[in-house]
Amino acid sequence: MPRQIHLAAHFPGVNNTTVWSDPRSGSQIDFASFVHLARTAERAKFDFFFLAEGLRLRELKGRIHDLDVAGRPESLTVLSALAAVTTRLGLAATVNSTFNEPYEVARRLASLDHLSGGRAAWNVVTSYDAFTGENFRRGGFLDEADRYTRAAEFLQTARELWDSWTDRDLLADPAAGQFVREGAGEFAHHGRHFDIHGRFATPRGPQGHPVIIQAGDSEEGREFAARDADVIFSRHSTLEDGRAFYKDVKSRLAKYGRRSEDLKILPAVTYVLGDTDADAAERAAEIRRAQVSPQTAIAFLEAVWGRDLSGYDPDGPLPDVEPDLGEGVSKGRAQFRGDRAATVRQWRALAGERGLSIRDLAIETTARQTFVGTARTVADRIDEFVQTDAADGFIFVPHLTPGGLDDLAEHVVPLLQEKGVFRADYTGPTLRDHLGLGPARTAEETS
Amino acid sequence: MTHLHLAVALDGTGWHPASWREPGARPGDVFTAGYWTGLVREAERAALDLVTLEDALGPQSSVPLAFDHRTDQVRGRLDAVLIAARVAPETTHVGIVPTTSTTHTEPFHVGIGIASLDFVSRGRAGWRPQISARAAEAAHFGRRVLPELTPADFGAPETEALVAGLLTEAGDHVEVVRRLWDSWEDDAEIRDAATGRFLDRDKLHYIDFAGEQFSVRGPSITPRPPQGQPLVTALAHSAPIYRFAARGADVVFVTPHSRDEAASIIGEIRAAEAETGRTGAPLAVLGDLVVFLDDEPGAAAARLARLDRVDPLASDAEVFAGTPAELADLLLDRSAAGLAGFRLRPGVLPHDLTAIADGLVPELRRRGAFRDAYAEDTLRARFGLPRPANRYAAAP
Ligand SMILES: Cc1cc2nc3c(=O)[nH]c(=O)nc-3n(C[C@H](O)[C@H](O)[C@H](O)COP(=O)(O)O)c2cc1C
């Protein structure tokens, strides 16, 4: 039997791939949008529905960035509401480990797992920068090196809390007069980041532990995923890049006593369908231009140049000034944590070689549809990635809210089902079942 | 006659500690969605104003301010905001009011959570912020140490100072949340294709709150919710909490044990409003009662006595056991003291909730004291509160 593909949906709200100027683009905040996308994903038998998180509005040049879609709900609240309008779809929340405390996050995730009948997942993210910290009680921030140690200890503490109840601790036995077993929920964790003890007041959820997702890409991030995660949400979406990442991460599993199938690697991807491959390519080019407006292109360069470039023509050549490598002008964004001077050199070379304008360059280096073609072409490509170890499946990031998954569900998924590489129906009630994962490892096993 | 406001307080299998042992109770289901959906739908069937959902960052306890380690009562809860969100799409009118702790949570997270509840319920979200003074709860977070208190410490100056500090922090917490709800003006999203701007940044506001325990920069990541400001409620038993409610709440739940006491509490609340310089609508004051209802005279009292023999009920609020008609008499009498309505705490679920829906509510309707059906779309509107102007919006 060919390897089975895992598919998930990313809600295309706050995201620079979202085309909000399209007349079909709806609200990124009304609940109806979430319902539409989640129900489409469930109709297509996707594994899960995914919400990203960003705890501060982005800024550019010291002011709120007004070009991107902004405005999103609190993830767990919306996912709990979605549990009412779906029955099988997994519900994945991104929840930061830097600006939260384990007791609260563990109880909220266990609550979602109960309220959804075993469909909760947690994307454990750290954070990009100190900027977000200004919205929080602890205010300050952790050094980059400490973020993953806190994340790892946070997750381990959460596992200890989930394990503080066994499946047999809830008795609710009126005849015996016993509601809970003695000692249920007792925990004590004495570590570097958390020194806590007491009683965890939420019984173990149907999955034991929610599915754990990891999304960082550094050496520490990969190691964290290999040790602790069930799913990696990756950015490596080309075939070559995907294979290299896949090989690297999967090879790290053995030293933690884990098998290759225990960790699913799901790159984030976009897609465009057409009646012919040429038609799809044409539509893809249009979408790319819509994703990168003239103003967005300038803003994109400003984030790297670290200076005001508003005087430059987006359809003209790259700025002739050198970048200001000081503090940086873009806050709350993931890109360009790397070497900005090197990036500028690289872009200049690329633009010179290919005669690209500022906007062309921004289009070239940002918005990228991974799968473009007829439904058949796209289905075959997806399958090729999975059968050749470039991914275990994909997290689709549509460019339209909320209808952006409709044609994928309608046209591509049936082809994958015909090929026998994607389920025709859910085989179990929980997200762990959809992902083919065994029972949750206990805190003891992961310590 | 003006209509009473009627709320119902949901907690576990009901407010009697032995409720979970009753034949109709579903103690094994309190951690399921179906259990809560069923109860909230029942409240909606009766056209009640709202349901509140109790919560805490630790287990329930029969003794104040400590864990009792008992295993013979309901122990354990799900997060109230998530229960509220889970039931919202399965109901259409009833207000949904979860409790959160102001002591151990981040106001930013709570603010976006309640705003999101308002989005998923389409304008029916409320919020009950509550302090937690239990040392054992603080140990779940490890960020601060609170002293272990026993009833002997109540009234002591150190205890009062501790509570005063937690209330100041709670007041800051509510202030931050309310500012975050206003930090987006209603028309901040412009989608202006010509200039490429999705947002009008002049309509987004830094809230720049700096208090003793925390500072928050803002703006929110969540746009202003449908009600503008979801309904803020508080449960209050004493003057410091009346002042907290006067500063930050729209509705306050109180625990009078007689009509006279109701009148005197209302007097204290109005004084607190004056003292704190409250502007806008006065607090709507609802009286809390634990209720045991049966149609047959004497049956509810007998049931309560039977339950009390298993495990006696201790209550801050007055305990009523009688027929729906007798309860209607009491409510109408109390309301003459100036209470806008009541928050009923069913002694046993679903029994006493069903009796509210099938007995009390029809009885109040016969007397012209309760609505026949829902009229308003939002929870605020149900309390006669307009959608508030945004504090940051420039005057037109
Ligand atoms: C595909 C992907 C998606 C991510 N999504 C989020 C997100 O929604 N919210 C967030 O705060 N961080 C998100 N992150 C950031 C990571 O959690 C992490 O903070 C960042 O990648 C830095 O870690 P690293 O050095 O290991 O890459 C994402 C990262 C990746 C690669």
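These protein sequences, in sequence, are chains A and B.
The first sequence: position 61 = 61 (the numbering used here), numbered continuously.
Basically the numbering used here = 1-based index in the second sequence + 1000.
Glycine included, every Cβ here is placed at the ideal spot set by N, Cα and C.
Quick caveat, the model's predicted, so the values are computed rather than measured.
My understanding is that residue i touches residue j, with C-beta atoms under 8 Å, so please give their C-beta distance in whole angstroms.
i	j	result
P481 of chain A	I5 of chain A	An answer regarding residue 481 of chain A cannot be provided, because it is not within the stretch 1 to 447 covered by chain A.
D163 of chain A	T442 of chain A	5 Å
W122 of chain A	L142 of chain A	In fact, because the Cβ distance is near 19 Å, the residues do not count as touching under 8 Å.
D1033 of chain B	R1086 of chain B	In the sequence under discussion, the amino acid at residue 1033 of chain B is Ala, which differs from the Asp named in the question. A1033 of chain B to R1086 of chain B, Cβ: 5 Å. Contact.
V1348 of chain B	S1132 of chain B	Rounded, the Cβ-Cβ distance is 27 Å, inconsistent with contact.
L51 of chain A	A120 of chain A	That pair is no contact at about 12 Å.
G198 of chain A	E153 of chain A	About 17 Å separates the two Cβ atoms, so there is no contact after all.
A1170 of chain B	P1223 of chain B	Actually they do not touch by this definition, with Cβ atoms about 25 Å apart.
V1177 of chain B	P1107 of chain B	5 Å
D113 of chain A	P210 of chain A	5 Å
Is residue i close to chain B, meaning its C-beta is less than 9 Å from at least one C-beta of that chain?
i	result
D68 of chain A	yes
Y103 of chain A	yes
A110 of chain A	yes
F99 of chain A	yes
A201 of chain A	yes
T296 of chain A	yes
T170 of chain A	The question names Thr, but residue 170 of chain A is Leu in the sequence shown. For L170 of chain A, the answer is yes, since a Cβ of chain B falls inside 9 Å of its Cβ.
E42 of chain A	no
P12 of chain A	no
H114 of chain A	yes
R56 of chain A	yes
I265 of chain A	no
Q291 of chain A	no
Answer yes or no: does any C-beta atom of chain A fall closer than 9 Å to that of residue i?
i	result
D1200 of chain B	yes
A1272 of chain B	no
Q1227 of chain B	no
W1184 of chain B	yes
V1040 of chain B	no
A1340 of chain B	no
V1177 of chain B	no
G1196 of chain B	yes
E1148 of chain B	no
E1212 of chain B	no
V1120 of chain B	yes
So, with DSSP's three-state summary, where would you put residue i?
i	result
K250 of chain A	helix
T1354 of chain B	helix
A9 of chain A	strand
I1131 of chain B	coil
K255 of chain A	helix
I1207 of chain B	coil
Q214 of chain A	strand
E322 of chain A	coil
S27 of chain A	coil
T366 of chain A	coil
W122 of chain A	strand
Y1392 of chain B	coil
S33 of chain A	helix
Y426 of chain A	coil
W1184 of chain B	strand
Quiz item: Pairing CB atoms from the segment 1179 to 1186 of chain B with CB atoms from the segment 1143 to 1152 of chain B, are three or more of them under 8 Å?
Solution: Touching, no, given that fewer than three Cβ pairs across the two stretches are closer than 8 Å.
Exercise. Can you give me, in chain order, the residues of the segment 1016 to 1036 of chain B that have a beta carbon less than 7 Å from any beta carbon in chain A?
Key: Of all residues in the segment 1016 to 1036 of chain B, W1020, R1021, P1027, G1028, F1031, T1032 and A1033 have a Cβ within less than 7 Å of some Cβ in chain A.
Quiz item: Listed from N- to C-terminal order along the chain, which residues in the segment 60 to 93 of chain A have their beta-carbon within a distance smaller than 7 Å of any beta-carbon of chain B?
Solution: For the segment 60 to 93 of chain A, which is checked against every Cβ of chain B, the residues closer than 7 Å are R63, I64, D66, L67, D68, V69, A70, G71, R72, P73, E74, L76, T77, V78, S80, A81, A83, A84 and V85.
Quiz item: Quick one, which residues of the segment 1266 to 1298 of chain B are near chain A if we go by CB-CB under 7 Å, in chain order?
Solution: Residues of the segment 1266 to 1298 of chain B with a C-beta less than 7 Å from any C-beta of chain A: none at all.
Exercise. Identify each residue in the segment 132 to 156 of chain A for which the Cβ-Cβ distance to at least one residue of chain B is less than 7 Å, and report them in chain order.
Key: Close to chain B, meaning a Cβ-Cβ distance shorter than 7 Å, are the following residues of the segment 132 to 156 of chain A: E134, N135, F136, R137 and G139.
Self-check item: Inter-stretch contact (C-beta, 8 Å, three-pair minimum) for the segment 1337 to 1357 of chain B and the segment 1045 to 1061 of chain B
Solution: With the cut-off at 8 Å, the segment 1337 to 1357 of chain B and the segment 1045 to 1061 of chain B touch.
Quiz item: Just by C-beta distance, which residues in the segment 188 to 199 of chain A are closer than 7 Å to chain B?
Solution: Answer set for the segment 188 to 199 of chain A: F194, D195, I196, H197, G198 and R199.
Quiz prompt | Short-range partners of chain A found in the segment 1122 to 1136 of chain B, where Cβ spacing is below 8 Å | solution = Going along the segment 1122 to 1136 of chain B in chain order, one finds R1122 and A1136 with a Cβ nearer than 8 Å to chain A.
Quiz item: Going along the chain, which residues of the segment 397 to 423 of chain A sit with their C-beta nearer than 9 Å to a C-beta in chain B?
Solution: Listed by position, the residues of the segment 397 to 423 of chain A near chain B (Cβ gap below 9 Å) amount to none.
Quiz item: When you check each C-beta in the segment 1043 to 1062 of chain B against every C-beta of chain A, which residues fall closer than 9 Å?
Solution: Residues of the segment 1043 to 1062 of chain B with a C-beta atom less than 9 Å from some C-beta of chain A are A1056, L1057, G1058, P1059 and Q1060, listed in chain order.
Exercise. Could you say if the segment 39 to 48 of chain A and the segment 8 to 22 of chain A meet the contact criterion of at least three C-beta pairs nearer than 8 Å?
Key: When Cβ pairs closer than 8 Å are counted between the two stretches, the segment 39 to 48 of chain A is seen to touch the segment 8 to 22 of chain A, the count reaching three or more.
Self-check item: At least three beta-carbon pairs within less than 8 Å, the segment 1097 to 1106 of chain B to the segment 1137 to 1144 of chain B
Solution: Contact holds: three or more Cβ-Cβ distances are below 8 Å.
Quiz item: Between the segment 1153 to 1163 of chain B and the segment 1196 to 1203 of chain B, are three or more C-beta pairs nearer than 8 Å?
Solution: Look at the beta carbons and you see the segment 1153 to 1163 of chain B not touching the segment 1196 to 1203 of chain B: under three pairs across the two are nearer than 8 Å.
Exercise. Evaluate contact between the segment 1353 to 1362 of chain B and the segment 1315 to 1332 of chain B, counting only Cβ atoms and requiring at least three cross-stretch pairs below 8 Å.
Key: Contact holds: three or more Cβ-Cβ distances are below 8 Å.
Quiz item: Is the segment 411 to 426 of chain A in contact with the segment 374 to 381 of chain A, if contact means three or more CB pairs nearer than 8 Å?
Solution: The segment 411 to 426 of chain A, when compared against the segment 374 to 381 of chain A, does touch it at the 8 Å Cβ threshold.
Quiz item: Name the residues in the segment 207 to 223 of chain A whose C-beta lies less than 8 Å from a C-beta of chain B; which are they?
Solution: In summary, no residue of the segment 207 to 223 of chain A has a CB separated from any CB of chain B by less than 8 Å.
Quiz prompt | Three-pair Cβ contact test at 8 Å for the segment 1157 to 1167 of chain B versus the segment 1369 to 1387 of chain B | solution = In this structure the segment 1157 to 1167 of chain B does not lie against the segment 1369 to 1387 of chain B, because fewer than three pairs of beta carbons, one per stretch, are closer than 8 Å.
Quiz item: Which residues, in chain order, does the segment 1140 to 1169 of chain B contribute to contact with chain A at a C-beta distance below 9 Å?
Solution: Along the segment 1140 to 1169 of chain B, the positions whose C-beta sits under 9 Å from a C-beta of chain A are H1140, F1141, G1142 and R1143, read in chain order.
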